[in-house]
Each structure stands twice: as C-alpha cells, then as structure tokens.
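A.B. asks:
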Ligand SMILES: Nc1ncnc2c1ncn2[C@@H]1O[C@H](COP(=O)(O)OP(=O)(O)O)[C@@H](O)[C@H]1O
Ligand SMILES: [Mg+2]
C-alpha cells in the first residue's frame, strides 16, 4: 500500500461508525468484481478488523437498493442464527457497518460507492474446490444460506441484475449475435454454435416449471462459487457466505446449478484441455448430499426433481453468455488471450455434455438421499 492509498482508506474509514485509528491495511487479492481492502483499527489498545469494499457500479447499476438488500439479508440471517442458538455470530453472518449519516454506504468524491463489513476472523476462501469434503461444505453453506432466508419474502428484495438467469433471453441474444456476426467470428465458433443451437430443448426447462407453478420464487444468492464461502482455518467448516451483491428473487435451482458448474470438475473455467473436463461423481455426491441436508426444511419434491437438470442448464447458460460475448467482441467478460471467451464457452459445453452423459447416475444418487 502506498502512503496515498493508506490516506485514502483512512478518509473512507472515517466516514463509517468505526472507533479508533487505522493501523494497517492491505488489498484482498482474490476478488474480481469489487475492490476489497482488509483494514485493522486500533482503539484503546484493542484491535478490530473490517473490510472496506467498493461496489462495481458498471455491473450493479442501482447500488442503493442493492445495499438495502444486503442489510435486510444479513440482519435476517443474524436473527435466525440467534434463534437457532448458534454462537460465534460475528463469524457466521456478514455485518454491515453503517456510515455516519446512517446509510449502509458512503459515496466518495469520485462518486464511488463504499461499504464496510466486520472482518470474518480465522477463516478464508479458496479459489476452487480441491476435495470432496470442501464440496460438501460449499453446498452446506449455500443450502443453509437459502434455508435461513426461506421465510423472507422474495418480494421484499430488489432485483440487482434483471433477467440474470433468464436462459431464454440469453439464448435469443445468442441467436442475434450469430445472425449478425459483427466480428466475423461465427466461423471459428461453428462447433460451439452447433452445440448451443442443438440444446434448445433445455432452454425453458426451469422457466416453464416456474410458469406452471411447480417451482416457487425464493431468495437466492446467485453467485454460488466456492470462493464466496469462508471456511474455518482450523476445521475447514463453512462459516459464512459472502459476496451478496446478487442476492435477489430467484429459483434455488439457479444456485444449485451454478454449484454443479463450479465445483464438480477440478478444472479452471477456461480449461483448454477438454479431455480433462468431466463431471466427477466423487465431487457431485458430497455436493448434493450437503445441499439436501441443508435444505431439508423447505425444498419441495418438485424442486428436488430438477437438481440434476439444473446443473446442465446453468452450465449451458453461462456457456452461451461466453459464446455471445465472444461473437459480440468481448465487451462483458475481460479476456486475457485470443479466443479466451470461446475457450471458456467450450469448457462449459464440455461439462454440459458430461453432466448429460452422467445424468442417470446422478439422478439415482439424488433418489437415494
Ligand atoms: N467480511 C469479510 N471478512 C473477511 N474476508 C472477506 C469478507 N468479505 C469478503 N472477504 C474476502 O474478500 C474476497 C472478495 O470479496 P467478495 O465480496 O467475494 O468480492 P468479489 O465480488 O470481488 O468476489 C472474498 O473472497 C473473501 O476472501
Ligand atoms: Mg466473491
């Protein structure tokens, strides 16, 4: 941290209800969307750590309702955990620190939105799942998160990104990008395009089930990557779910589907060696077990019946988003090499294929639990 950066953080921190003096600060490297800093304050010989974080207003156009969501959700979770008699609440639920004017955020001179959370001590996140035990903890954490919010009306929450998981709208946009082919890339992506178009029957599976009234709208996290779960440093137990910007009304299957996408294959999101990309039953088994255990109190048999297909559907949806961005000229997802978004798309599509190839075995497992 340069002295200027420290000075800037000191100025930011002074806007929040924090006692004492900023003693130390460092940038938390892992985040992609937000700028995140861990800061230590000293007050009368005691230290307390916080997180100062910006909101990416390029992605989240309405930071005020977004922060209202975060406050509602974190307070609700805290209350529910208290009722469950759990100790260590400061490590089990995010806590928003108010700004001196009472708002849950501060807007700096450059118009940037800042929020502050209590630092979750003695825990850390990992970029990717390495073991079956971690897959279990991941789904237990997100399932428990949904369960704690299952009595909060989804209508009380703002929509922070409209149509985030609306596969039909994503598919229509892909079709338009293929037809217009503004960067003349459709030829290079011909196989991926062929795969995407052949999957059209999958597109409306969850939307139709919702329209028929089989699947309710609930409060969902919508970014259920493993790097949003804080695990206890000693025990590896999931303590707390972070990154609540996309918490909004949705189907719980979006969350489970994205867990399948991000935790059942020990390969990177842009893996190019596609033979390596396979759904690992060794990871899916603990993932689905943890999820069903955590959601037993509310998950309906109908929701349960869509768990396997949700993995294929959400993986497919992210895949077509990468493909669309590739065809449109890489405006949304930052690329670090040529054809990066096409590589990301191919990885997703390979995993969709693998989920479909294994779906009978996956379903048998779900039926046993
Ligand atoms: N309250 C907290 N206490 C400790 N670490 C945190 C806290 N909130 C976030 N982090 C760390 O910062 C990282 C980035 O935060 P996150 O909210 O996930 O932002 P991004 O959108 O950038 O992923 C997390 O992966 C986690 O390691
Ligand atoms: Mg995150």
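Residue numbers (the working numbering): 11 to 379.
Where a beta carbon is used, it is the ideal one built from N, C-alpha and C, also for glycine.
Note that the structure is a prediction, hence the values are computed from the model and not measured.
Please report the residue range of the beta strand (DSSP E) in which residue 239 lies.
C.D. replies: Taken as a continuous stretch (DSSP letters only), the beta strand (DSSP E) holding residue 239 covers 239 to 242.
A.B. asks: If I'm right that residue 180 touches residue 330 with Cβ under 8 Å, what's the distance once you round it to whole angstroms?
C.D. replies: Yes, they are in contact, since the Cβ atoms of residue 180 and residue 330 sit about 5 Å apart, within 8 Å.
A.B. asks: Can at least three beta-carbon pairs, one atom from the region 272 to 282 and one from the region 166 to 180, be found at a separation below 8 Å?
C.D. replies: Because the criterion of three Cβ pairs below 8 Å is not met, the region 272 to 282 and the region 166 to 180 do not touch.
A.B. asks: Using only alpha-carbon positions, find the residue among 252, 184 and 30 that is nearest to residue 57.
C.D. replies: Residue 30 is the option with its Cα nearest to residue 57.
A.B. asks: Quick check on the DSSP output: the beta strand (DSSP E) that includes residue 310 runs from which residue to which?
C.D. replies: Element bounds for residue 310: n/a, residue is neither H nor E.
A.B. asks: Is it right to say residue 53 is buried, meaning 16 or more other beta carbons lie within 10 angstroms of its own, or is it exposed?
C.D. replies: Exposed, since its Cβ has fewer than 16 Cβ neighbours within 10 Å.
A.B. asks: How about residue 80: is its Cβ closer than 7 Å to a heavy atom in ligand 2?
C.D. replies: No, since every heavy atom of ligand 2 falls outside the 7 Å radius drawn around the Cβ of residue 80.
A.B. asks: Which same chain residues, not among the five before or five after residue 199, have their C-beta less than 8 Å away from its C-beta?
C.D. replies: Taken in chain order, the residues that qualify are 333, 336, 337, 352 and 355.
A.B. asks: Does the Cβ-Cβ distance between residue 147 and residue 247 come in under 8 Å?
C.D. replies: Yes, these two residues count as a Cβ contact at 8 Å.
A.B. asks: Determine the burial state of residue 62: buried for a count of at least 16 other Cβ atoms within 10 Å of its Cβ, exposed for fewer.
C.D. replies: By the 10 Å Cβ count, residue 62 comes out buried.
A.B. asks: Give me the Cβ distance between residue 264 and residue 302, rounded to the nearest whole Å; I'm assuming they're in contact under 8 Å.
C.D. replies: Rounded, the Cβ-Cβ distance is 17 Å, inconsistent with contact.
A.B. asks: Which same chain residues end up closer than 6 Å to residue 87 when comparing Cβ atoms and leaving out the 5 residues on each side of it in sequence?
C.D. replies: 103 and 158.
A.B. asks: In chain order, what residues place their C-beta within less than 5 Å of a heavy atom belonging to ligand 2?
C.D. replies: That query returns the following residues: 238 and 253.
A.B. asks: Got a sec, what are the start and stop residues for the alpha helix (DSSP H) residue 355 sits in?
C.D. replies: First-last of the alpha helix (DSSP H) with residue 355: 350 to 378.
A.B. asks: Taking the alpha-carbon positions, what's the residue 5 to residue 188 distance?
C.D. replies: Within the shown structure, residues of the chain are numbered from 11 to 379, placing residue 5 beyond reach of any answer.
A.B. asks: Report yes if the C-beta distance between residue 129 and residue 20 is below 8 Å; otherwise report no.
C.D. replies: Their beta carbons are not under 8 Å apart, which means residue 129 does not touch residue 20 by this criterion.
A.B. asks: With DSSP run on the structure shown, which of helix, strand or coil describes residue 126?
C.D. replies: DSSP places residue 126 in strand when its eight states are reduced to three.
A.B. asks: Beta carbon of residue 28, beta carbon of residue 124: below 8 Å?
C.D. replies: For residue 28 and residue 124, no; Cβs fall outside 8 Å.
A.B. asks: Pull up the distance between the alpha-carbon of residue 162 and that of residue 100, whole angstroms please.
C.D. replies: Those two C-alpha atoms are separated by around 21 Å.
A.B. asks: Taking the alpha carbon of residue 218 as the reference point, which residue from 232, 244, 178 and 182 has its own alpha carbon closest?
C.D. replies: For residue 218, the nearest C-alpha among the options comes from 178.
A.B. asks: Can the beta-carbon of residue 110 be found less than 8 Å from the beta-carbon of residue 17?
C.D. replies: No; because the gap between Cβ atoms is not below 8 Å, this pair is not in contact.
A.B. asks: Secondary structure at residue 267, three-state DSSP: helix, strand or coil?
C.D. replies: Helix.
A.B. asks: With respect to 7 Å, is the separation between the Cβ of residue 104 and the closest non-hydrogen atom of ligand 1 below this value?
C.D. replies: The answer is yes for residue 104.
A.B. asks: Is it true that the CB of residue 156 sits closer than 8 Å to the CB of residue 224?
C.D. replies: No, the Cβ-Cβ distance between residue 224 and residue 156 is not below 8 Å.
A.B. asks: Would you say residue 38 touches ligand 1, meaning its beta carbon is less than 7 Å from a heavy atom?
C.D. replies: Yes, since a heavy atom of ligand 1 falls inside the 7 Å radius drawn around the Cβ of residue 38.
A.B. asks: Hey, could you find the ends of the beta strand (DSSP E) residue 205 is sitting in?
C.D. replies: No beta strand (DSSP E) holds residue 205; the alpha helix (DSSP H) holding it covers 200 to 208.
A.B. asks: If you draw a straight line from the C-alpha of residue 49 to the C-alpha of residue 350, how long is it?
C.D. replies: Straight-line Cα distance between these residues: approximately 35 Å.
A.B. asks: I want to check one thing, is the minimum distance from the CB of residue 61 to the heavy atoms of ligand 1 below 7 Å?
C.D. replies: True, at least one ligand heavy atom lies under 7 Å from that Cβ.
A.B. asks: To which residues does DSSP link residue 58 through a beta bridge?
C.D. replies: Paired residue(s): 51.
A.B. asks: Tell me where the beta strand (DSSP E) around residue 32 begins and ends.
C.D. replies: Counting along the chain, the beta strand (DSSP E) containing residue 32 begins and ends at 31 to 37.
A.B. asks: If we call anything under 8 Å between Cβ atoms a contact, is residue 358 one with residue 318?
C.D. replies: Cβ atoms of residue 358 and residue 318: not closer than 8 Å.
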